[in-house]
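Here's the structure, in structure tokens; my notes come after.
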Amino acid sequence: MAQGVGQDVLNSQISFSKTTGSTLFFLKEIEKQSNVVFSYSTDLCFYSSHQLLTSSRKLQDVLDELFLNCPADYIVKGNKIIIEPRRNAVKRFVIRGYIRDSQTQEALIQSNVFDVKLASGTVSNSFGFYSLTLPQGKTNLIYSYVGFKDAKLTFDLQKDTVIDLSLHPLEELSEVAVVGNESSGQLMSTRTSTINLAIDQLKNVPYFLGEADVVKGIQLLPGVQSGGEGFSGLYVRGGGPDQNLVLMDDVPVYNVDHLLGFFSIFNSDAVNNVTVIKGGFPARYGGRLSSVVDIRMYDGNNTKFKGSASIGLISSNIALEGPIIKDKSSFSVSFRRTYFDVITGLYQLSDAEKTRYYFYDF
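Plus 27 on top of the position in the sequence shown (first one is 1) and you've got my numbering.
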């Protein structure tokens, strides 16, 4: 459908060298031949592969065939053709849900959801949640995440749909030694100054009094200083501790210290993932002068009960996790307490001398 002023342009003859290609390919070929510019809505259906009936036809007939499944109106203004989706012509529905690890039921952050037919997709957020709007009809989705097997779903989309999916880890291969020259330092990501720290690696680093500490692990990164041996302050690239944004499951934490700064409040048994951004902060964090520390806690195991306990020189820890309702809800709890007051009480005989200083977190 088009306005009368642009009827001559839409009646012009168009010829293609081939009849197979993507929707965008044919639109660009028309722009080259007709000296027109297209402006279109993202609500239209764009296919990665399309088969035209003939190689030579009128421009409007070609457009009608390209958008057969998503009927559109054409408005011609000078050398510009505006393509708008026809109202109430094609219904669109939302597919949403959570993507998790099939073994631990932990959220898979930044996993991919891709529609093969429309070449459209999205990624899951920090909680494993995704949402994708697609037109009514046959839908082919691929769910993928690094280190996990891809999952493929084909179904007829007729209403808003909730799909919660669990991806299975790939089978581990035997060890392979790879020997080569040092890399020249090529850029591997567009997110500069961003470091993801594995919690298992943080636990194996030697710490003050043997107490595993997330913040002290961050202090070992380039450009980060502690301000003093044994203290948990973060001085990133010359900034002060008050210039850092520390988030725990998206909640700002303003005081991260225990025991006058010797320990942080983060119990390593309850931490799932640590991301440190030292520059170029994404807009969603609101901006900070020095750094952003994004800490994600464990959601808990949805399938079975697990626990751990440890005794150290200055404190003891216990952590438990498991399902409340299997495969639906879970809990994760951790408790830590120091016995600094017990140790000092051995040589502080009178009550007036005893410090009675300790801390605990739950």
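Think of the CB as a built atom: it goes at the ideal place given N, C-alpha and C, for glycine as much as any other residue.
As the structure is a computational prediction, the values presented were derived from the model and not from experiment.
Which one of K55, G244, G266 and I370 has the shortest CA to CA distance from Q228? G244
How many Å lie between Y157 and S193 at the Cα? 13 Å
Can you find at least 3 beta carbon pairs, one from the stretch 306-321 and one from the stretch 351-362, that sit closer than 8 Å? no
Starting from L51, follow the alpha helix (DSSP H) in both directions and report where the run begins and ends. T50 to S61
Of all the options Y325, T302, I304 and P279, which has the alpha carbon lying nearest to the alpha carbon of N294? Y325
Straight-line gap, E133 to G327 (C-alpha atoms, nearest Å): For E133 and G327, the distance between alpha carbons rounds to 7 Å.
Other residues of its chain near T47: CB distance less than 6 Å, five sequence neighbours each side excluded: If you ignore the 5 residues before and after T47, its C-beta comes within less than 6 Å of the C-beta of Q78, all in its own chain and listed in chain order.
Can V241 and S318 be called in contact, C-beta distance under 9 Å? no
Any idea if I351 is buried or exposed, counting beta-carbon neighbours within 10 angstroms, 16 or more meaning buried? exposed
Taking the DSSP output, what are the residues bridged to F175? According to DSSP, which records beta bridges pairwise, F175 is partnered with P196.
Going straight from the alpha carbon of V103 to that of C97, what length do you get? 19 Å
Using the beta-carbon count (16 or more within 10 Å), is Y384 buried or exposed? Result: exposed.
Taking the C-alpha atoms as reference points, what is the distance between G33 and A99? Unreliable positioning characterises G33 in this predicted model, as indicated by a pLDDT of 48, which lies under 50. The coordinate reading is nonetheless provided below. Rounded to whole angstroms, G33 to A99 spans 15 Å at the Cα level.
From I122, D284 and G265, pick the residue whose C-alpha is nearest to that of T160; which is it? I122
Looking at the structure shown, is D354 part of a helix, part of a strand, or coil, going by DSSP? coil
Whole-Å CB distance - D183 paired with G164, under 8 Å assumed: 7 Å
Pull the bridge partners of L274 from the DSSP assignment, please. P279 and D321
Who pairs with T221 in a beta bridge, going by DSSP? Secondary-structure assignment with DSSP links T221 through a beta bridge to I304.
DSSP three-state assignment for V456, whether helix, strand or coil: Limits of the chain in this structure are 28 at one end and 389 at the other, which puts residue 456 out of reach.
Buried or exposed for Y170, please, with buried defined as at least 16 other CB atoms from any protein chain shown within 10 angstroms of its CB. buried
Residue environment, F389, which counts as buried when at least 16 other CB atoms sit within 10 Å: exposed
In three-state DSSP terms, what is D142? strand
Exposed or buried, G265, counting other C-beta atoms within 10 Å across all chains shown (16 or more means buried)? exposed
What does DSSP give as the partner residue(s) for Y157 in the beta ladder? G124
Coil, strand or helix - Q228 by DSSP: It is helical.
Which residue's Cα is closest to the Cα of V89: Q40, R119, L71 and V63? For the set Q40, R119, L71 and V63, the Cα lying nearest the Cα of V89 is the one of Q40.
Between which two residues does the alpha helix (DSSP H) containing E111 stretch? Note, E111: premise wrong, no alpha helix (DSSP H); beta strand (DSSP E) at K107 to P112.
Coil, strand or helix - S342 by DSSP: strand
Run through the DSSP bridge pairs and tell me what V36 is partnered with. For V36, which the question treats as bridged, DSSP gives no partner whatsoever.
Which residue wins for smallest C-alpha separation from L180, given the options N300, T302 and V140? V140
Compare the C-alpha of G306 against each of S61, S253 and L272 and name the closest. Ranking S61, S253 and L272 by Cα distance to G306 puts L272 first.
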